[in-house]
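Read through the structure below, which is laid out as structure tokens, and then see the notes.
Protein chains: 2
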Amino acid sequence: MEQRRADNIAEALEEQIFSGVYMDGDRLDEVRLAEQFGVSRTPLREAFQRLALSGLVELIPRRGAFVRQPGPIELIEMFEVMAELEAACGRLAAMRISEGALEDLREANAKCQAAVDAQDTDTYYVENERFHKTIYRQSGNGFLAQEALKLHKRLKPFRRQQLKFRGRMAQSMAEHEAVVDALAHGEPEAAARALRDHVAVQGEKFHNLMASLKPAAE
Amino acid sequence: MEQRRADNIAEALEEQIFSGVYMDGDRLDEVRLAEQFGVSRTPLREAFQRLALSGLVELIPRRGAFVRQPGPIELIEMFEVMAELEAACGRLAAMRISEGALEDLREANAKCQAAVDAQDTDTYYVENERFHKTIYRQSGNGFLAQEALKLHKRLKPFRRQQLKFRGRMAQSMAEHEAVVDALAHGEPEAAARALRDHVAVQGEKFHNLMASLKPAAE
DNA sequence: GTCAACATTCTTGTATACAAAATTATCAAG
DNA sequence: CTTGATAATTTTGTATACAAGAATGTTGAC
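Protein chains in written order, with our numbering: chain A, 559 to 776; chain B, 559 to 776.
The structure is reproduced here in structure tokens:
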């Protein structure tokens, strides 16, 4: 762990922000974090720059770095974009997907189903992720896959919560089946629609969750 | 120009990279640029971090910062994503657009038409940009609008070239009309399709341009 | 002349130093 | 007690210093 500490720090901070160590608006104290990581302020400030561009922290001149946790509205917006990106991946993948990848999707789905039966949320989550990432790659568009993955990662902590909704896993399974069918039959529009609805429903469920937690929010 | 030099430097470098001052693979010399900007290496290195995350430069540990100009394949991919993002904006805008914004679109289109008649490429370009940015905003999704704008900006230098294609401006005008119609009638799918095709055609035209310039490319 | 081992020079990455701005504390006037 | 001004303290932003790694040049063997 001797080279490029700044990179590792950026990653570590990103992880910490994602996992909710910091609340929205918290100031990231340079000297405190420098001590904590055992480095000087310089690599920390470089890390801040990166986090700022991905929207995780806001860099206010002469004031410092403040963490920017997305609020309810922004989250809804992000889920909406995620839905559109996945739809795009699906549309392209319907024309470009390989037979092997289709098999991967079916396998992931099978394992998902087993996880549902066993009430195994963790396994479901892992296989679900594999399902979606496979579709990203099979879009045949590296740039699109990269963007989709980036947003997917950013929404990770919020997606996980709503798996707990009653019946969500089973419903999600059925949606996955529809996606595979559309892809297998090479139907771009159907694949796009199936994926958009699949993800959009997550956004709605999340909306419900928010509403139930914060009655007066928004 | 006394505060936050690092930010200005990042912007300036971005501009220089976009405008083709640096070729793909060029190394950005810290000390040379530091002199050039009249600052020390520190703010430059902070700027590098930001450029790295947006993909404009690659930061190789212990080697330096190298500019990463997108190649033909990556550009095609980016245009494809742009098409999908615009389609998404259109789909949402069809349901959410305001009457005033519709009027803005019609006005931009009228000015575009005038520019076409006058062979005024610059004006056409400006109004065309206004047209698209309006649709981004009218998606009613700030996050989406932001992402669309970011990619739009990145593709700027490449889009401009293909306006010179014969008849492109006139064809583009007709496509704009179709978009406005779909938005005015509140037809999400039609708006999405019109915008996707409109942008995708740019990607194709660009593909042609590439092929004509580099016969053996790809 | 070619190649390899070594020394030299450059460049990056990090730490520290310092100046300017912002925040906080102190204190006097009302 | 509140308010306003001013001083002390933090904290940021930038410059400089230094250490380690990479590139380059030199020399000697074959």
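Every residue gets a Cβ at the ideal spot worked out from N, C-alpha and C, and that includes glycine.
Can residue i and residue j be called in contact, C-beta distance under 8 Å?
i, j, result
"Phe637/B", "Val757/B", "yes"
"Leu611/A", "Leu611/B", "yes"
"Val737/A", "Leu753/A", "yes"
"Gln696/A", "Ala748/A", "no"
"Ala652/A", "Ala732/A", "no"
"Ala605/A", "Ala564/A", "yes"
"Ala666/A", "Glu685/A", "yes"
"Gly583/A", "Val625/A", "yes"
"Gly698/B", "Arg654/B", "yes"
"Phe716/A", "Phe764/A", "yes"
So which residues of chain A does residue i contact, with C-beta pairs closer than 9 Å?
i, result
"Asn566/B", "Simply none; closest approach about 11 Å."
"Ala652/B", "Ordered by position in chain A, no residue passes the 9 Å Cβ test against Ala652/B, which lies about 14 Å from the chain."
Applying the 10 Å Cβ sphere with the 16-neighbour rule, what's the burial state of residue i?
i, result
"Pro619/A", "exposed"
"Asp662/A", "buried"
"Pro601/A", "buried"
"His743/B", "exposed"
"Gln561/A", "Residue placement at Gln561/A cannot be trusted, given a pLDDT of 46 that sits under 50; what the coordinates show is reported in the next sentence. Exposed, since its Cβ has fewer than 16 Cβ neighbours within 10 Å."
"Glu778/B", "The displayed coordinates of chain B run from 559 to 776. Any statement about residue 778/B would go beyond what the structure contains."
"Met581/B", "exposed"
"Arg649/B", "buried"
"Gln594/B", "exposed"
"Gln720/A", "buried"
"Val615/B", "buried"
"Ser730/B", "buried"
"Arg718/A", "exposed"
"Arg603/A", "buried"
"Arg621/B", "exposed"
"Met559/B", "Residue confidence for Met559/B is low, a pLDDT of 37 falling below 50, so the modelled location carries little weight and cannot support an answer."
Which bits of chain B does residue i rub up against, with CB to CB less than 7 Å?
i, result
"Gly700/A", "Glu635"
"Leu611/A", "Arg608, Leu611 and Ser612"
"Glu705/A", "Val639"
In angstroms with no decimal places, state the Cα-to-Cα distance between residue i and residue j.
i, j, result
"Arg599/A", "Val674/B", "55 Å"
"Glu705/A", "Tyr682/A", "23 Å"
"Ile631/A", "Leu713/A", "14 Å"
"Arg726/A", "Leu643/B", "28 Å"
"Arg608/A", "Gln607/B", "6 Å"
"Arg751/A", "Ala645/A", "6 Å"
"Cys647/B", "Glu762/A", "19 Å"
"Ala641/B", "Ile634/B", "11 Å"
"Pro628/B", "Gln677/A", "46 Å"
"Glu745/A", "Lys711/A", "27 Å"
"Arg585/B", "Leu707/B", "28 Å"
"Thr679/B", "Cys670/B", "9 Å"
"Glu735/B", "Ala668/B", "10 Å"
"Leu571/A", "Leu591/A", "10 Å"
"Val639/A", "Phe701/A", "16 Å"
"Ile693/A", "Val589/B", "44 Å"
"Asp587/B", "Gly596/B", "14 Å"
"Ala672/A", "Ser656/A", "25 Å"
"Ala567/A", "Glu687/A", "Here residue 567/A is Ile; the residue named in the question, Ala, does not match the sequence. One C-alpha to the other measures close to 26 Å."
"Lys778/B", "Gly613/B", "This structure cannot speak to residue 778/B, because chain B is shown only from 559 to 776."
"Glu573/A", "Ala728/B", "50 Å"
"Gln760/A", "Leu617/A", "31 Å"
"Asp755/A", "Asp755/B", "22 Å"
Please list, in chain order, the chain B residues whose beta carbon lies closer than 8 Å to that of residue i.
i, result
"Val684/A", "Here the premise fails: no neighbours, minimum Cβ distance about 27 Å."
What residues from chain A crowd round residue i, counting only those whose CB sits closer than 8 Å?
i, result
"Glu604/B", "Arg603, Glu604 and Gln607"
"Glu762/B", "Going along chain A, no residue has its Cβ under 8 Å from Glu762/B, so there is no contact; the nearest lies around 15 Å."
Taking residue i as the query, report the chain A residues whose CB atoms sit under 7 Å from its CB, ordered along the chain.
i, result
"Glu632/B", "Phe701"
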